[in-house]
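Novice: Protein chains in written order, with the numbering used here: chain A, 68 to 361; chain B, 835 to 1588; chain C, 15 to 174.
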Amino acid sequence: MEYASPRSLDEAIGLLSQAGVDARPMAGGTDLLVQLRTGARRPELLVDLKQIPGLCGIDCGSQGFRIGAAVSGAEIGECLPLREAWPGVVEAAELIGSTQIQGRASLGGNLCNASPAADSVPALIAAGAVCTLIGPAGRREVPVDDIVRGPGETALGEAEIIVDFRLPRPQDGTGDAYQRMIPRTEMDIAIVGAGVSVRVAESGECLACRVALGAVAARPIRVDEAAAALMGRRPDSEALEELAARASAAADPIDDKRGTRAYRTRVAGVLARRAAEEALRRAGDRWAARSQSS
Amino acid sequence: MSEKSTEGRPLKWVGTRPVRPDGVEKVTGRARYGADFARPDMLWGHVLRSPHAHARIRRIDVRRALELDGVKAIVTGDDLPEIASEQAFVGEEPTDYRMLSQNVLARGKVGYVGHAVAAVAATTSAVAEEALRLIEVDYEILPHVLDVLSATADDAPLVHDDLCDRKGVKKNPSNIANEIEMGHGDPEAAFTNADVVVDRSFTTQAVHQGYIEPHACLAEAGPDGQVTIWCSSQGQFMVRGYTAKLLGLDLAQVRVVPAEIGGGFGGKTTVYLEPLAVALSQRSGRPVKMVMSREEVFRATGPASATRIRVKIGATKEGQFLAGEAWLDYEAGAFPGSSVAAGSMTIFAPYAFEHARSHGRDILVNKPKSAAYRAPGAPMAAFAVESVVDDLARQLEIDPIDLRLQNAAREGVQSSFGPRYKRIGFVETLQAAQEHPHYDAPLQPNQGRGVAAGMWFNAGLQSSAAVMVNADGSVSVISGNPDIGGSRASLAMMAAEEFGIEYEKVGVRIGDTASVGYNDVTGGSRVTLATGKMVVEASQEVISQLCERAAKVWDVDVKRVHWADGKAKVLDDEAIEPLGLAEIATGAARTGGPIQAIASGSVRGVGMSFGVHLCDVEVDPETGKVDVIRYTAFQDAGRAIHPSYVEGQIQGGAAQGIGWALNEEYVFDDSGRLENSGFLDYRMPVASDLPMIDAVIIEVPNPDHPYGVRGVGEAPIVPPIPAVVNALRAATGVCFSDLPVSPPRVLEALDAVS
Amino acid sequence: MSKRHVTTTIDGEGREFLCEDWQTLLDVLRDVLMKTGTKEGCGTGDCGACSVLLDGRLVCSCLMLAAEAEGRVIETVEGMAEGDRLHPLQQHFLQEAALQCGICTPGFLVAARALLAQNPDPSEREVRFWLAGNLCRCTGYDKIVRAVLAAAAEMRGAEA
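(1) My parser needs the beta strand (DSSP E) runs of 3 or more residues fully inside the segment 42-71 of chain C; what are they?
(2) I'd like the list of long-range same chain contacts for B:ARG1142, defined as Cβ closer than 6 Å, with 5 residues on each side in sequence excluded.
(3) From this set, B:TYR1465, B:VAL1090 and B:GLN1039, which residue's C-alpha is nearest B:ALA1348's C-alpha?
(4) Do you know offhand how far B:TRP1388's Cα is from B:CYS1381's?
(5) Can you list, in chain order, the residues of the segment 166-189 of chain A whose Cβ is nearer than 7 Å to any Cβ on chain C?
(6) Taking the CB atoms as reference points, tell me whether B:GLY1288 and B:GLY1445 lie closer together than 9 Å.
(7) For a contact meaning CB atoms closer than 8 Å, what does B:THR862 contact in chain C?
(8) Can a CB atom of chain B be found closer than 9 Å to the CB of A:LEU76?
(9) So which residues on chain C does A:ARG349 lean against when the C-beta distance must stay under 8 Å?
(10) B:ARG1394 and B:ILE1429 - do their beta-carbons sit closer together than 9 Å?
(11) So, at 7 Å on beta carbons, what are the nonlocal neighbours of B:ALA1305 in its own chain, with the 5 sequence-adjacent residues on each side left out?
(12) Using a 10 Å radius around the Cβ and a threshold of 16 neighbouring Cβ atoms, would you call B:ASN1280 buried or exposed?
(13) Considering only C-alpha positions, which residue in the set A:PRO203, A:SER173, A:GLU158 and A:ASP322 is nearest to A:PHE232?
(14) Can you list, in chain order, the residues of the segment 251-277 of chain A whose Cβ is nearer than 8 Å to any Cβ on chain B?
(15) Determine whether the beta carbon atoms of B:SER1313 and B:HIS1476 lie at a separation below 9 Å.
(16) Excluding the 5 residues flanking A:VAL278 on each side, which residues of the same chain have their C-beta closer than 6 Å to its C-beta?
(17) Would you say A:VAL283 faces chain B, with C-beta separation under 9 Å as the test?
(18) Can you tell which of C:GLU168, C:MET94, C:GLY70 and C:LEU123 has the C-alpha that lies nearest to the C-alpha of C:ASP135?
(19) Please classify B:LYS1459 as buried or exposed, where buried requires at least 16 neighbouring CB atoms within 10 angstroms.
(20) For C:THR58, tell me which candidate among B:SER1310, B:ARG1128 and B:MET1179 has the shortest Cα-Cα distance.
(21) Can you tell me whether B:ILE975 is buried or exposed, with buried defined as 16 or more other CB within 10 angstroms of its CB?
(22) So, helix, strand or coil for B:TRP1397, using DSSP?
(23) Can you pull the chain B residues whose beta carbon is under 9 Å from the beta carbon of A:THR241, in chain order?
(24) B:THR1457: which of A:LEU297, A:ARG349, A:PRO237 and A:ALA257 sits nearest, CA to CA?
(25) Using 9 Å as the limit for Cβ to Cβ distance, is C:ALA146 near chain A?
(26) For A:ALA306, collect the residues of the same chain with a Cβ closer than 7 Å to its Cβ; drop the 5 residues on either side in sequence, then sort them by chain order.
(27) Skipping 5 residues on each side, what residues in its chain have a beta carbon closer than 7 Å to that of B:ALA899?
(28) Show which residues of chain C have a CB atom less than 8 Å away from the CB atom of A:ASP89.
(29) Does B:ALA1115 come out as helix, strand or coil in the three-state DSSP assignment?
(30) Mind checking the segment 316-332 of chain A against chain B and listing, in chain order, the residues whose C-beta falls within less than 9 Å of any C-beta there?
(31) Hey, does B:HIS1049 have any beta-carbon neighbour from chain C nearer than 9 Å?
(32) Closer than 9 Å, CB to CB, is B:SER836 near chain C or not?
(33) Measuring only between beta-carbons, confirm whether A:ALA105 sits less than 9 Å from chain B.
(34) With a cut-off of 9 Å, does the C-beta of B:THR1457 fall near any C-beta of chain A?
(35) The beta strand (DSSP E) with B:HIS1447 in it runs from where to where?
(36) Check this for me: beta carbons of B:SER1192 and B:SER1172, under 9 Å apart or not?
This is the structure in structure tokens:
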């Protein structure tokens, strides 16, 4: 296997196109290098994306945020404006592995590894993140929702890579949160993950809601029927229980070494509800902070 | 040498907390562990492992692998000598050399996924791995058995069809490799007199010792037949003995140099790689290094047995235990030799029973051969018996510690495994737990408190130690036991105490097999106890020599000389200036030459150590997740030589037990393949999973040890499982009989009752 | 294909080495540079025994290619002491008996050093979560956490 560390997008796309299926792009490498070690993948060429300016850094503009696809979880956690705006996305990114893994693991890698249980993906879907893809055919923007097709399978074309993620500036009354269930407190793959974002009016009425679940289907899923349980009303416990029930109903998980189907189904609802509660609390806090400052 | 008691003698070092002798090298990265050795021109060895749980090997073709550039040697089962069946006992679990040889390298048949089939040495690790892919093995797949129930069914496939009993006589074909029974009285009759009888069955899954250092070794076989092995293990003499036996070498030709060991917990009391590395070195004429991957460690080295245990206890309504009976089925893995005997011995050991009996069965299954794991066999047995005791306390409405106190084993009581107890500290340990503020601290909703007890033996076995006085008056101690958790410190402290010198003046080294007398393995909680006793004896012998030398210098009768405060003194003449170690040692050439002593022996006077643990858990009723929020462990240490390392043993054992209870388990698929062969999915506790673990040391001195030491390493893993599960029961009202109590299992149980 | 030449700084020293493209930094530290102070417990980033600092950032050296070290600054446990003077973390690990077998100790020390560099006054909870990627099977973590807290206190005192 050969290693290449291109300095530009053109160079990277060129290398990936040339080598075709034998090439593999790498960001943090925290999944990929494990796959190399176990022999699960045996690429001829590894294209390291971390030296390409477009994939690095976080921009916080007036319109919103641009997060480079190869930016590490630790850098994301250190970006205070992003944490302020999208705490759910940041807490999900920070849950990817240990402190050591955080030093390397990226949103781009977490998404392209295409695990149904990836922590950052439900949070990104809930937040409405869009990613920029570049490949031999050019550039396109795709919602995170549409990237993962199944375990290990993405919508990316050959030699196409994710360059960055875009998140808007959150509107007033927005809140997001991510919750996951693991048997330990750290160092586990999610048995269930739930990302929720809401936007509420100052009155408390829910104006918008997105719910996404991880590890309960072949890919992370958006559950609009669960979100609809909150829409247009002040979310009380009854509405939240409805959201939980619909999230559980949408779950279609498998039995595996990490958890049973029955367990995942049940806990999907619990976590969706808890994430919604936290997102609503954050949304309420935003209104409170705004009325205090004015 | 007589056993001197330390009663009444002021102690300078014992009970203090000096920095361990090997500390600095371990915090600076200089300490060398098993994988840290290299030799010029060294080859790398790798092992081809079976993908099948049970299969006959029809043919192994290594020709293509041998043709690969860089491959220097390959060994398969045909290359190792056939070994006669012979029982060995140098570790904590019985080993038959013939079976051990077959486990190291399969002959004719593979017995589990991960079983070694061939080994390759090549110029680089990558070439060796590539060569494994070129070895062609023709397997005839056989039906397999993966658990006790299917293994003991009438039509079960046989893991071995030529199994012999301990006398070498071929047995009726079955997967029951061994059956044992022990106890006294007539439990069956006694149950009829009981006011209350609790009879429950329990299951536990296989768990791994989880040492962080994978098995590793470097072997060099010279053209003269001499062999040197550098490796980490729980016993350099064990490695020498097993490797020599398996390869037909003389013990004198094999030297094993002990590396620092990165955790063992019983799992490094046997060999996996060393005979293969030597065989590859013999064939290639070059040193061969072998290091297991973590996956290999999980797939091919010994887990602790999965078990099914039934326990029945009858008691009077006042809480007097009348009778206990237990049936223990332990998975041995693909070769005989689980820890069921120790499980059967310990299950009723903490209590005084007039009638007690246990029936143990060692059962073959197509899983990796089980290996010793800290108090082998006892934690599962304690889970069962302490859960039943908890039931009895609830049914009888007696405080669980009062109930245990009422029935606690104490001096003079007939133990369930045979001998009568000498002085033990179980009652004192229970009392300490009961009086501790933790025991009646308030709890919040969804929280519960559990209490459980447990015991483990202190092995004596064979030990040797050498003690020598250097010319400058410093003292060198050579021990033959790898230091897993600070035993060098305790040996140095005991030597400093004997000589009456500064701790820093004692150097302790772990000798290789050519530089110190034979030692059984570091295991059985025996090193500070037994090897420590040899250090004390050798020190006392050296002290009498020092007195003799001083007598010569002074030209007085040696009977007038005694040793105090690091000096030889004349008892009845204070005018004679005492002579210190350095003065005597400097003049040794004129008084008879170097001063040293070796002590060796089969150490008797083994003790018992009892522990009582208090555990608070909090349960998330919606997810079934259990958090341990407070934990206090009480243990009788006899005398804590270095209290920090005693506490460390208690804390570490508790953490392992908590992991065993909550989340650790081997998960096999239907084909017998381990699904969680890495630390990601084999869920050992991480730092954020645990609270501080308060360790409370009780000191009821062991009358058979010069400093009163009891071995402390193993007992702390015995009570945690039932302590956690009893706490979970208190929090939820639900009885749990199957491990681990992982979130899915807990939630399912909560749902079942609601 | 010939080996790759890498120029880097390790423990304050300029180092050059040759490696295969597939070799991890851990492979090179241990087997090429013979710096065996950094340990391998799993090779998959799950135990933290191979922790090093990469330009000050805590990473697992088993999850990084050696080729990626080009032009970077690597710090291992072997560079923590200054001559005979131990780092306060090393000193407190000894005083608190925070190691038993010691195989995980290099990783814990490097990880704890990274923690204290960015958070000089961590709570017990922060220490535990920061160190959750470092497995220890001997100690139950109790004395490790205490040693880190004690070292942090000493270092704060030394700076004040």
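For every residue, glycine included, the Cβ atom is placed at its ideal position computed from N, Cα and C.
If you're wondering where the values come from, they're calculated on a predicted model, not measured in any experiment.
Specialist: Let me lay it out:
(1) 65-68
(2) Walking along the second sequence from the start, residue 1142 of chain B turns up at place 308. VAL982, THR1037 and ASP1163.
(3) Counted from its first residue, the second sequence places residue 1348 of chain B at position 514. Nearest of B:TYR1465, B:VAL1090 and B:GLN1039 to B:ALA1348, Cα basis: B:VAL1090.
(4) Numbered from its first residue, the second sequence carries residue 1388 of chain B at position 554. Numbered from its first residue, the second sequence carries residue 1381 of chain B at position 547. For B:TRP1388 and B:CYS1381, the distance between alpha carbons rounds to 10 Å.
(5) THR166, GLN167, ILE168, GLY170 and ARG171
(6) In the second sequence, residue 1288 of chain B corresponds to position 454, counting from 1. In the second sequence, residue 1445 of chain B corresponds to position 611, counting from 1. Against a cut-off of 9 Å, the Cβ pair of B:GLY1445 and B:GLY1288 comes out as a contact.
(7) Here residue 862 of chain B refers to the residue found at position 28 of the second sequence. What B:THR862 touches in chain C: GLY51, VAL91, GLU92, MET94, ALA95, LEU100 and GLN104.
(8) Counting from 1 along the first sequence, the entry for residue 76 of chain A is found at position 9. False, the Cβ-Cβ gap to chain B never drops below 9 Å.
(9) In the first sequence, counting from the first residue as 1, residue 349 of chain A sits at position 282. Those within 8 Å of A:ARG349 in chain C number zero; the least Cβ separation is about 21 Å.
(10) Counted from its first residue, the second sequence places residue 1429 of chain B at position 595. Counted from its first residue, the second sequence places residue 1394 of chain B at position 560. No. Outside cutoff.
(11) To locate residue 1305 of chain B, count along the second sequence from 1; it is residue 471. If we look at B:ALA1305 and ignore the five residues flanking it on each side, its Cβ neighbours are ALA1419 and THR1420.
(12) Position 446 of the second sequence, counted from the start, is the residue given in the question as residue 1280 of chain B. Answer is exposed; the Cβ neighbour count stays below 16.
(13) On the first sequence, residue 232 of chain A is found 165 positions in, with the first residue counted as 1. Looking at the Cα atoms, A:SER173 is the closest of the given residues.
(14) ARG251, THR252, GLU253, MET254, ASP255, ILE256 and ILE258
(15) Looking up residue 1313 of chain B in the second sequence gives position 479. Looking up residue 1476 of chain B in the second sequence gives position 642. No.
(16) On the first sequence, residue 278 of chain A is found 211 positions in, with the first residue counted as 1. The residues are VAL263, VAL290, ALA293, ALA294 and ALA339.
(17) Walking along the first sequence from the start, residue 283 of chain A turns up at place 216. False, the Cβ-Cβ gap to chain B never drops below 9 Å.
(18) Here the question's residue 135 of chain C lines up with position 121 in the third sequence. Out of C:GLU168, C:MET94, C:GLY70 and C:LEU123, C:GLU168 has the C-alpha closest to the C-alpha of C:ASP135.
(19) Locating residue 1459 of chain B in the second sequence gives position 625, counting from the first residue. Counting Cβ neighbours within 10 Å, B:LYS1459 comes out buried, since at least 16 surround it.
(20) Here residue 58 of chain C is taken as the residue at index 44 of the third sequence, counted from 1. Closest option to C:THR58, Cα to Cα, is B:ARG1128.
(21) Taking the first residue of the second sequence as position 1, residue 975 of chain B is located at position 141. With fewer than 16 other Cβ atoms within 10 Å, it is exposed.
(22) For the purposes of this step, residue 1397 of chain B is identified with residue 563 of the second sequence, where counting begins at 1. In this structure, B:TRP1397 counts as strand in the three-state DSSP scheme.
(23) Taking the first residue of the first sequence as 1, we reach residue 241 of chain A at position 174. Here the premise fails: no neighbours, minimum Cβ distance about 26 Å.
(24) Here the question's residue 1457 of chain B lines up with position 623 in the second sequence. If we check each option's Cα against that of B:THR1457, A:ALA257 comes out closest.
(25) Stepping through the third sequence from its first residue, residue 146 of chain C is reached at position 132. Answer yes: the Cβ-Cβ gap between C:ALA146 and chain A drops below 9 Å somewhere.
(26) One-based indexing of the first sequence puts residue 306 of chain A at position 239. ALA296, LEU297 and ARG300.
(27) By 1-based counting over the second sequence, the position of residue 899 of chain B is 65. Taken in chain order, the residues that qualify are VAL905, ILE908, VAL954, ALA965, LEU968 and ILE969.
(28) In the first sequence, counting from the first residue as 1, residue 89 of chain A sits at position 22. None at all; the shortest Cβ gap to chain C is about 14 Å.
(29) Here the question's residue 1115 of chain B lines up with position 281 in the second sequence. Inspection of the sequence shows that residue 1115 of chain B is occupied by Ser rather than by Ala. B:SER1115: helix per DSSP, three-state reduction.
(30) ASP323, LYS324, ARG325, GLY326, THR327, ALA329, TYR330 and ARG331
(31) For the purposes of this step, residue 1049 of chain B is taken as residue 215 along the second sequence, with counting starting at 1. With 9 Å as the cut-off, B:HIS1049 does not count as an interface residue toward chain C.
(32) As a working note, residue 836 of chain B is residue 2 in the second sequence. For B:SER836, the predicted model reports a pLDDT of 33, less than 50, meaning its position is unreliable and no value from the coordinates is stated.
(33) The residue given as residue 105 of chain A occupies position 38 in the first sequence. Checking the displayed sequence, the identity of residue 105 of chain A turns out to be Thr instead of Ala. It does; some Cβ of chain B falls within 9 Å.
(34) The count along the second sequence starts at 1 and reaches residue 1457 of chain B at position 623. Yes, its Cβ sits closer than 9 Å to a Cβ of chain A.
(35) Counted from its first residue, the second sequence places residue 1447 of chain B at position 613. B:HIS1447 -> beta strand (DSSP E) spans 1442-1453.
(36) Mapped onto the second sequence, residue 1192 of chain B falls at position 358. Mapped onto the second sequence, residue 1172 of chain B falls at position 338. Against a cut-off of 9 Å, the Cβ pair of B:SER1172 and B:SER1192 comes out as no contact.
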